[in-house]
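Peer 1:
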Amino acid sequence: MAASQATPAEDADTTPRCASRVFAQLPPELTELIVSRLDPNQVACCVRPLNRAAAAQFAAPCHTTIRLSRPVPPHAFSAHWLTPGAVHDLSLRRRNELLSFTAYTGVLENLQVAVRAVGWEPSYEAFDVHDAVCYLASKRSHEWLSARGCPVDPTNISYMDVLSAAASGGHAHVCDWLCAHAPGWAPGDLEVAARAAACSGHLTLADSLLQRAGGSGAGGGPSEESQFRMVASVALGCDLASLRDRIDAGGWGQLESDPDGCRKHLLAAASSSPTPDWGAKVEWLEAQGCPRSVDAAEAAVGHTEEEYDTVARLTWLRDRGYPIDGAAVEAASYTGNVAAVKFLLAELPYVDPLRVACPAAWFGHLEVLQALRGAGLQVPGRSAALCAADGGHLHVLMWLMEDLGEEAVPLDEELFDRAAGSGSVELMAWLRQRGFPWGVAALPQAAGSGCETAVAWLLEQGCPMEVRMMEEGWGLVQRGTIGARGRAFVA
């Protein structure tokens with residue numbers, strides 16, 4: 005294209021009549037409707053770069069945050085992760101997460117880029133069960149990983165875990181492959197996989213697995229406990245009609261450990277169900293005599309605000325007489341569901357701040373901590389600071405020291421060691437600037453994080469070290485683990 009020739013994007017930006025439109029021929033409302041049908045990663049990587057109008061119209065966090073656990077357009081993925089030094093600041097856990105998230109999406113091109121970026125070959129230990137399912141579900145991924153030496157064959161994976169994960173994802177062909185390559189499945193293993201399928205709404209697959217287990221398909225297995233657990237799984241993942249059919253065919257079942265109170269668990273499952281008729285399921289179960297309990301509210305908040313309107317669901321449950329206790333607030337703090345935390349803090353007469361603050365600080369949910377303070381509760385400064393340092397969350401530590409005062413966050417080596425273990429150079433530098441001491445444990449902790457930048461920074465700054473402890477740090481590197489899903493980078 006000649007240098008003087010304008011592109012369509014440039015025309016859209018320079019035409020006065022359509023200066024504020026993404027596409028000159030379409031009104032913004034129609035563009036919004038079209039884009040709403042796209043995956044958020046597509047919006048961030050493909051729509052926003054079109055022109056200034058697109059960047060302005062789609063500037064909300066849901067349009068600017070790229071979730072690595074969802075498919076990312078390969079051009080954007082490679083442009084980001086093949087940039088020199090792109091992974092130097094990542095700890096071992098974060099690098100394993102990059103491999104894990106990318107494999108989870110099933111995009112082979114991105115997995116190849118991720119392997120190049122982190123600098124080591126893929127292995128089963130670097131990925132979790134759901135990712136192994138994606139390998140098996142994708143012939144291209146399976147062949148490529150096998151060629152790279154990644155052990156995805158039946159002798160190197162946990163059959164029961166992978167079968168359950170495959171069932172949860174609705175991968176019937178993966179379940180068939182596993183059953184064909186590992187004859188002699190125990191009925192209990194097949195029933196666990198069937199329940200995983202039902203929890204995700206894959207009822208046909210669930211019945212197929214139950215038939216392999218020797219059950220009737222509709223009955224959920226020979227025992228009362230198996231039947232009850234299957235009913236609970238259907239209450240969570242399937243619609244009301246399917247739930248009623250399951251009970252009509254095989255009864256309610258029961259738990260030997262809790263024969264009188266087990267039906268309250270069915271209400272908890274329905275209360276957290278993602279199906280549109282979740283409320284109808286709750287009402288029907290109530291009509292059948294299932295008792296209300298605190299389990300329902302706790303289950304309902306174990307999700308993010310993106311999945312459904314948690315506050316509306318909690319309000320509905322409360323108005324129907326469901327009790328709520330502190331366990332619900334704690335569950336909301338893990339997911340960072342700020343709206344639910346604020347609602348529950350206003351509802352409950354007492355909440356233990358420690359049980360809410362620590363998970364919030366570890367996961368970096370600053371707004372949850374701020375909600376605690378806004379409700380007049382005392383945030384446990386030291387405990388929250390240590391958890392924030394573990395997670396490498398500088399913004400949380402900054403707020404704790406500013407809001408609670410430096411006396412609430414003691415200047416000691418333990419906090420710095422936790423920060424070193426997170427691999428965050430920014431956090432360590434900030435602590436040193438404020439006089440936090442370091443000791444010989446900092447370097448092995450940083451080495452254990454797998455972040456080369458963190459180790460180099462500590463050495464440049466003259467951090468004290470001992471050879472024996474550095475050897476221990478290398479052992480931590482070799483035992484690196486994988487963290488939770490859903491990390492994001494900003495487009």
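In the numbering used here, each residue carries its 1-based index in the sequence shown increased by 4.
Virtual Cβ for every residue (Gly too), placed ideally from N, Cα, C.
Can you check DSSP and say which residues form a bridge with T109?
Peer 2: Paired residue(s): none; T109 is not in a bridge.
Peer 1: In the DSSP assignment, the beta strand (DSSP E) including I70 goes from what residue to what residue?
Peer 2: Start and end: 69 to 71.
Peer 1: Looking at R296: is its Cβ nearer than 9 Å to the Cβ of Y326?
Peer 2: In contact: R296 and Y326 (Cβ atoms closer than 9 Å).
Peer 1: Would C50 and P75 qualify as a contact pair, given that the criterion is a beta-carbon distance under 9 Å?
Peer 2: Contact: no.
Peer 1: Can you tell me the Cα-Cα spacing of S24 and A392, whole angstroms?
Peer 2: Rounded to whole angstroms, S24 to A392 spans 42 Å at the Cα level.
Peer 1: What did DSSP end up calling T339 once you bin it into helix, strand or coil?
Peer 2: It is helical.
Peer 1: So within the stretch 183 to 220, which uninterrupted alpha helix (DSSP H) runs reach at least 4 residues, ignoring any that extend past its ends?
Peer 2: Listed in chain order, they are 191 to 203, 207 to 217.
Peer 1: With DSSP as the reference, label C50 as helix, strand or coil.
Peer 2: DSSP places C50 in helix when its eight states are reduced to three.
Peer 1: With F367 as the anchor, note down where its alpha helix (DSSP H) starts and where it stops.
Peer 2: Looking at the DSSP string, the run of the alpha helix (DSSP H) that includes F367 is 357 to 367.
Peer 1: Is it the case that the Cβ atoms of D281 and D243 are separated by a distance below 9 Å?
Peer 2: Yes, the pair counts as a contact, with Cβ atoms nearer than the cut-off.
Peer 1: Excluding five sequence neighbours on each side, which residues of the same chain lie with their C-beta closer than 6 Å to the C-beta of D93?
Peer 2: Cβ neighbours of D93 beyond the five flanking positions: T457.
Peer 1: Determine the contact status of A389 and L358, defining contact as a CB-CB distance below 9 Å.
Peer 2: No. Outside cutoff.
Peer 1: Going by Cα to Cα distance, which pick from G188, R267, C179 is closest to D211?
Peer 2: Cα-wise, what sits closest to D211 is C179.
Peer 1: Would you give the residue range spanned by the alpha helix (DSSP H) that A379 belongs to?
Peer 2: Note, A379: premise wrong, no alpha helix (DSSP H); not H, not E.
Peer 1: For H177, count neighbouring C-beta atoms within 10 Å of its own C-beta (all shown protein chains included) and say buried if the count is 16 or more, exposed if not.
Peer 2: So H177 counts as exposed.
Peer 1: If you pair each beta-carbon of the stretch 457 to 470 with each one of the stretch 425 to 442, do three or more pairs fall below 8 Å?
Peer 2: Yes, the stretch 457 to 470 touches the stretch 425 to 442.
Peer 1: Does the beta-carbon of E195 have 16 or more other beta-carbons within 10 angstroms, so that it is buried, or is it exposed?
Peer 2: Flag for E195 reads buried.
Peer 1: Buried or exposed: C467, going by 16 or more other Cβ atoms within 10 Å of its Cβ?
Peer 2: The residue is buried, with at least 16 neighbouring Cβ atoms inside 10 Å.
Peer 1: Helix or strand or just coil, what does DSSP make of D299?
Peer 2: In this structure, D299 counts as helix in the three-state DSSP scheme.
Peer 1: Would you report the Cα separation of S82 and A451, rounded to the nearest angstrom?
Peer 2: Their backbone Cα atoms lie some 27 Å apart in a straight line.
Peer 1: Quick one: Cα of R491 to Cα of R71, how far?
Peer 2: In this prediction, R491 has a pLDDT of 38, which is less than 50 and means its spatial position is unreliable; nothing more can be read from the coordinates.
Peer 1: Cβ of G173 within 8 Å of any heavy atom in the ligand GDP?
Peer 2: Because no ligand of any kind appears in the structure shown, any question about the ligand GDP cannot be addressed here.
Peer 1: For the alpha helix (DSSP H) that I251 lies in, which residues bound it at each end?
Peer 2: Start and end: 244 to 254.
Peer 1: Does the stretch 39 to 49 come close enough to the stretch 62 to 70 to have 3 or more Cβ pairs within less than 8 Å?
Peer 2: The stretch 39 to 49, when compared against the stretch 62 to 70, does touch it at the 8 Å Cβ threshold.
Peer 1: Could you round the C-beta distance between V238 and S246 to whole angstroms and report it? I think they count as a contact, below 8 Å.
Peer 2: About 6 Å; that satisfies the 8 Å criterion.
Peer 1: Mind pulling the alpha helix (DSSP H) runs of 4 or more residues that sit fully within the stretch 416 to 463?
Peer 2: Taking only runs of at least 4 residues, the alpha helix (DSSP H) segments lying wholly in the stretch 416 to 463 are 417 to 426, 429 to 437, 446 to 453.
Peer 1: Do you know how far the Cα of G378 is from the Cα of G89?
Peer 2: The straight-line gap from Cα to Cα measures roughly 41 Å.
Peer 1: Please identify the residue among Q437, Y108, D43 whose C-alpha is closest to the C-alpha of L415.
Peer 2: Closest option to L415, Cα to Cα, is Q437.
Peer 1: Taking S275 as the reference, give the member of Q258, W403, E260, A316 with the closest Cα.
Peer 2: Of Q258, W403, E260, A316, the residue nearest in Cα terms is A316.
Peer 1: Excluding sequence positions up to five away, which residues of its chain have a Cβ less than 7 Å from the Cβ of G439?
Peer 2: Within the same chain, G439 has close Cβ partners L415.
Peer 1: Measure the beta-carbon distance from E349 to V355 and round it to whole angstroms, keeping in mind my assumption that it falls under 8 Å.
Peer 2: First, the amino acid is wrong: residue 349 is Leu here, not Glu. Right, their Cβ atoms sit about 6 Å apart.
Peer 1: With a threshold of 7 Å on Cβ separation, who are the neighbours of M469 within its own chain once the five nearest residues in sequence on each side are excluded?
Peer 2: Only V444, L447 meet the Cβ criterion.
Peer 1: Over what stretch of residues does the alpha helix (DSSP H) that includes D323 continue unbroken?
Peer 2: It spans 314 to 323 - the alpha helix (DSSP H) in which D323 sits, taken as one unbroken run.
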